[in-house]
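Input: a single structure, listed below in structure tokens.
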Amino acid sequence: MKSTQEALHSFVTRPYVPQSRVGTDGQAYPRLTVITPSFNQAQYLERTILSVLNQQYPNLEYFIMDGGSTDGSLAIIKKYEPYLAGWVSEKDRGQTDAINKGIRRATGDYVAFQNSDDVFAPHAFERVANAWHKHPTTDVFFGDMYITDEQDVILEEMRAPKFCVECHIHEGMQVFNQSLFIKRSHIGLLDESLRFVIDYEIVARLGVQARIQFRHVDGFWGGFRVQPDAKSSTIASTVGLQEHQFIKEKYRPMLTSALGASFWKRYCRLRKLLSFALQGEFKYVQHRLQLSRSRQK
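My numbering numbers the first residue of the sequence shown as 13 and each following residue consecutively.
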């Protein structure tokens, strides 16, 4: 784990030096649009930007949508302006509005949004491109995620099983926006009435549509940062729970299964354990079971 932590920290702090990839045809790679909503996150913003640019991806479109920061964020954005597809710094209606501004500008085949205090992991975009070459009709690609502290130390691994919409709606988040790319033709706009469960809503909205293909790709694509000012630290137990329940009730009637919530909650937990055990991830299974027991005490 130590080498992984060092690799992540090095990746998101290493100065960006553009590299020309000899013999690489950018058009042979899907165009990836990344949107970073930002507001007064200067202490983390540069690491987010570097986690995008240091992918050295040959067909990237990167937007930063800042809400009018006053903490030095603007100087950081201007530092990387030559490598951006566009940016703004103006008052907005919050995170979701900022992301939607980027979606409206997007021209990529797939779109991701990465918050200004979170990061992408090394080789994330390459994993997306490789998966696309093998499965070009896929609508949603997603990977696994790290949970990190303020200094990029990995605190936890969050592995995702194959997507199941019933589990997503009945049990909770199965896919993490830090490791998520959605086909632009399907993403639409995010629900601006929401403050916390933005990713939960868009995955549920797509998940209940039978024609949408989800595909999990092995590997850690992103890092979710635990820090005092994050919404997960400030409004998760209030606004977050209320919005989560609202989205669950909105999309639950669209499920085709006649089985109830109690069945799906038990099934989804067992499914995860068996899935990871069959992959040989016994230490991870043991760790998750220990966490579950500690939370029940």
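Think of the CB as a built atom: it goes at the ideal place given N, C-alpha and C, for glycine as much as any other residue.
Based on Cα-Cα distance, which residue from G106, R300, M157 and M77 lies nearest to D130? The shortest C-alpha separation from D130 is found at M157.
Could you tell me which whole beta strand (DSSP E) segments of length 3 or greater appear in the segment 118-189? You should have 122-125, 152-160 and 166-170.
Can you tell me which residues form a DSSP beta bridge with K195? Partner(s): Y122.
Near R26, which residues of its chain fall below 7 Å by C-beta distance, leaving aside the five closest residues on each side in sequence? Closer than 7 Å at Cβ, skipping near neighbours: L62 and N66.
In whole angstroms, what is the alpha-carbon distance linking Q221 and V177? Looking at the backbone, the Cα of Q221 and that of V177 are separated by about 9 Å.
For the segment 31-69, list the alpha helix (DSSP H) runs that are entirely contained and at least 4 residues long, ordered along the chain. Scanning the segment 31-69 for uninterrupted alpha helix (DSSP H) segments of 4 residues or longer gives 54-65, listed from N- to C-terminal end.
Please report how far the alpha carbon of L167 lies from the alpha carbon of A289, in whole angstroms. Going from the Cα of L167 to the Cα of A289 covers about 22 Å.
From what residue to what residue does the beta strand (DSSP E) around Y74 run? Boundaries of the beta strand (DSSP E) around Y74: L72 to D78.
When the Cβ atoms of the segment 93-101 are set against those of the segment 70-81, are three or more pairs found closer than 8 Å? The segment 93-101 vs the segment 70-81: in contact.
Taking just the CA atoms, how far does P49 sit from Y56? When rounded, the distance between both Cα atoms is 12 Å.
Go through the segment 217-266 residue by residue and report every complete run of the beta strand (DSSP E) that reaches 3 residues or more, in order. Segments of the beta strand (DSSP E) lying fully in the segment 217-266: 226-237.
Residue interval of the alpha helix (DSSP H) (run including S274): Residues A273 to L290.
S205, enclosing alpha helix (DSSP H) - first and last residue: Here S205 belongs to no alpha helix (DSSP H), and DSSP marks it neither H nor E.
Can you tell me where the beta strand (DSSP E) with S101 in it begins and where it stops? Element bounds for S101: G98 to S101.
How would you write the range of the alpha helix (DSSP H) that A270 sits in, first residue to last? A270 -> no alpha helix (DSSP H), and no H or E assigned at all.
Going along the chain, which residues of its own chain have a beta-carbon closer than 6 Å to the beta-carbon of C179, five neighbours each way excluded? Within the same chain, C179 has close Cβ partners Q186 and C280.
With distance defined between alpha-carbon atoms, name the residue in F232, Q298 and V165 nearest to Q239. Of the candidates F232, Q298 and V165, the one whose C-alpha sits nearest the C-alpha of Q239 is V165.
For W144, which residues from the same chain have a beta carbon less than 6 Å from its beta carbon, with the 5 sequence-adjacent residues on both sides left out? Contacts found: P42.
Terminal residues of the alpha helix (DSSP H) in which S85 lies: In this chain, the alpha helix (DSSP H) harbouring S85 covers S85 to K91.
Could you tell me the distance, in whole angstroms, from the CA atom of Y212 to the CA atom of L96? C-alpha separation (whole angstroms): 28 Å.
In this structure, does DSSP put V215 in helix, strand or coil? Of the three classes helix, strand and coil, the one that applies to V215 here is helix, per DSSP.
Using the Cα positions of F236 and I159, report the straight-line distance between them to the nearest angstrom. F236 and I159 have their alpha carbons spaced roughly 5 Å apart.
Give a yes or no on whether the minimum CB-CB distance between D109 and chain C is below 8 Å. In summary, chain C is missing from the structure at hand, where a single protein chain is found.
Would the beta-carbon of T108 fall within 8 Å of that of E204? Yes.
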